[in-house]
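Be aware that the sequence shown starts at 31, since it is given in our numbering, and climbs by one per residue.
Here a beta-carbon is modelled for each residue, glycine too, at the ideal position from N, C-alpha and C.
If you're wondering where the values come from, they're calculated on a predicted model, not measured in any experiment.
A short write-up of the structure that comes next.
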Amino acid sequence: MKETILTTKEVAGRFIELVRQDKFYETQTQLYADHCVSVEANDFLLPKTVEGLPQILKKSELFESLVEQVHGRVISDPVIAGDYFTVSWSADMSFKGRDRFTMDEICVYKVQEGKIVFEQFFY
């Protein structure tokens, strides 16, 4: 039986559905390709670039370990163009040992063969 390959629009829709439920692990394990690349805006808190789903999962665990509390989160609907989709993401949060602040970012994702193969964050 042939596996159905999701379109960029379908991947984006499922992505939004999961992240709005705070299901980040499920988002990555279901929608990311094993060879996905993740690029941060800088290396202040997290590694600037990681390659491969296992490294992306480790980076997510590191990020979660730095967060003391999330006070609120707003994720836009996706904007889709070809193999790419973007979302704006605003998170009101407190990191351990730091003051509360709001982090605003633009997130860009590339989809190939029904999986996210690249993500980049601008903040």
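When DSSP states are grouped into helix, strand and coil, Thr116 belongs to the strand group. Between Gln85 and Asp113 a beta carbon distance of about 22 angstroms is seen, past the 8 angstroms cut, so the two are scored as non-contacting. The beta-bridge partner set that DSSP reports for Arg130 consists of Ser124.
Secondary structure note for Lys145: its beta strand (DSSP E) is the uninterrupted segment Lys145 to Phe152. For a cut-off of 8 angstroms, the C-beta gap from Leu48 to Lys145 is around 14 angstroms, too long to register as a contact.
Assigned with DSSP and collapsed to three states, Ile136 falls in strand.
Taking 8 angstroms as the cut-off, the Cβ atoms of Val100 and Met123 count as close. Counting of Cβ neighbours within 10 angstroms places Phe74 among the exposed residues, the total staying below 16. Distance between Val97 and Phe125, taken at the CA atoms: about 4 angstroms. Ile46 and Val104 have their C-alpha atoms roughly 11 angstroms apart. Non-local beta-carbon contacts of Tyr153 in its own chain, meaning distances under 8 angstroms to residues more than five positions away in sequence, involve Ala71, Met133, Asp134, Glu135 and Ile136 in chain order. Close CB contacts of Arg50 within its chain, under the 8 angstroms cut and outside five residues either way in sequence, are with Ile105 (chain order).
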